[in-house]
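Peer 1: Quick one: structure below, then a few questions.
In the numbering used here, the protein residues as written are 17 to 238.
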């Protein structure tokens with residue numbers, strides 16, 4: 017699975033000074049370095065080098081400074097990574113290529129050098145915002161079957177962890193969870209229910225979510 021490539025590529029980019037988090041804005045990984053404006057690298061992972069991997073890179077290119085495509089190196093060295101046409105295509109597009117061995121070693125096959133397409137500042141801004149708001153790195157890059165632990169889901173779980181102790185008002189949660197009023201009102205996941213004026217409780221769906229993603233207690237009862 018692609019997730020097996022995530023940690024080796026993450027360690028490689030961290031060695032270059034990046035902060036790396038997985039599954040942000042549809043990207044397998046997002047690496048950020050420096051202050052305003054930060055250097056942004058998007059990484060896409062596949063078990064083999066193929067056209068779909070390149071097409072993903074094309075789709076991501078306007079939202080970052082560099083695109084790195086990573087895949088498992090073929091056992092006998094006869095995969096697309098050894099095809100000069102494939103490497104030249106990535107050079108022309110300005111994409112970097114990383115090969116990951118079965119032992120987890122990362123090899124630079126092509127370095128990103130060509131000029132990148134015109135940037136999409138709005139998309140770029142959304143990616144950086146999610147990277148900064150997300151606590152830790154809870155989602156392995158390459159995940160396809162599990163819900164992504166976004167910054168919004170993390171905050172919703174934090175709200176649920178408080179409400180499991182009993183009904184609360186949004187203002188009780190706001191000091192530790194600034195977006196709590198909006199999260200409770202929108203109720204995207206169906207975890208909360210308003211039982212009175214400005215009073216919210218946890219639903220069965222919310223309790224099930226806490227069983228799936230246990231949370232530390234953040235706020236004492238008011």
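Positions of the beta carbon are idealized from the N, C-alpha and C atoms, including for glycine. The structure displayed is predicted, hence computed values, not measured ones.
#1: Between which two residues does the beta strand (DSSP E) harbouring residue 46 extend?
#2: Would you kindly report the start and end of the unbroken beta strand (DSSP E) that includes residue 205?
#3: Apart from the five residues just before and just after residue 22, which ones in its own chain have a Cβ nearer than 8 Å to its Cβ?
#4: Using the C-alpha atoms, what's the distance from residue 196 back to residue 27?
#5: Can you name the residues that DSSP bridges to residue 184?
#6: Using only alpha-carbon positions, find the residue among 140, 148, 218, 110 that is nearest to residue 71.
#7: Thinking just about the alpha-carbon of each residue, which of 147, 134, 160 is nearest to the one in residue 168?
#8: Using the Cβ count rule (16 or more neighbours within 10 Å means buried), how would you classify residue 206?
#9: Using beta-carbon positions only, say whether residue 176 and residue 226 come within less than 8 Å of one another.
#10: Thinking residue 34 and residue 48 are a contact (beta carbons under 8 Å), I'd like their distance in whole angstroms, please.
#11: Indicate whether residue 112 and residue 82 have their beta-carbon atoms separated by less than 8 Å.
#12: Using the rule of at least 16 other Cβ atoms within 10 Å of the residue's Cβ for burial, across every protein chain shown, is residue 140 buried or exposed?
Peer 2: Straight from the coordinates:
#1: In the chain shown, counting from the first residue as 1, residue 46 sits at position 30. From DSSP, the beta strand (DSSP E) with residue 46 extends over 43 to 49.
#2: Stepping through the chain shown from its first residue, residue 205 is reached at position 189. Run containing residue 205: none; DSSP gives neither H nor E here.
#3: Position 6 of the chain shown, counted from the first residue, corresponds to residue 22. Excluding positions up to five away in sequence, the list reads 38, 44, 45, 61, 156, 157, 158.
#4: Walking along the chain shown from the start, residue 27 turns up at place 11. Walking along the chain shown from the start, residue 196 turns up at place 180. Approximately 34 Å, taken between the alpha carbons.
#5: Position 168 of the chain shown, counted from the start, is the residue given in the question as residue 184. In DSSP, residue 184 forms a bridge with 216.
#6: Stepping through the chain shown from its first residue, residue 71 is reached at position 55. The residue with the shortest Cα to Cα distance from residue 71 is 110.
#7: The sequence position of residue 168 within the chain shown is 152, counting from 1. Taking only the C-alpha atoms, the option nearest residue 168 is 147.
#8: The residue labelled residue 206 in the question sits at position 190 within the chain shown. Flag for residue 206 reads exposed.
#9: The sequence position of residue 176 within the chain shown is 160, counting from 1. The sequence position of residue 226 within the chain shown is 210, counting from 1. Yes, these two residues count as a Cβ contact at 8 Å.
#10: Sequence index remark: in the chain shown, residue 34 carries index 18 (1-based). Sequence index remark: in the chain shown, residue 48 carries index 32 (1-based). Between residue 48 and residue 34 the Cβ distance is about 6 Å, and since that is below 8 Å, they are a contact.
#11: Looking up residue 112 in the chain shown gives position 96. Looking up residue 82 in the chain shown gives position 66. Yes. Within cutoff.
#12: Taking the first residue of the chain shown as 1, we reach residue 140 at position 124. Flag for residue 140 reads buried.
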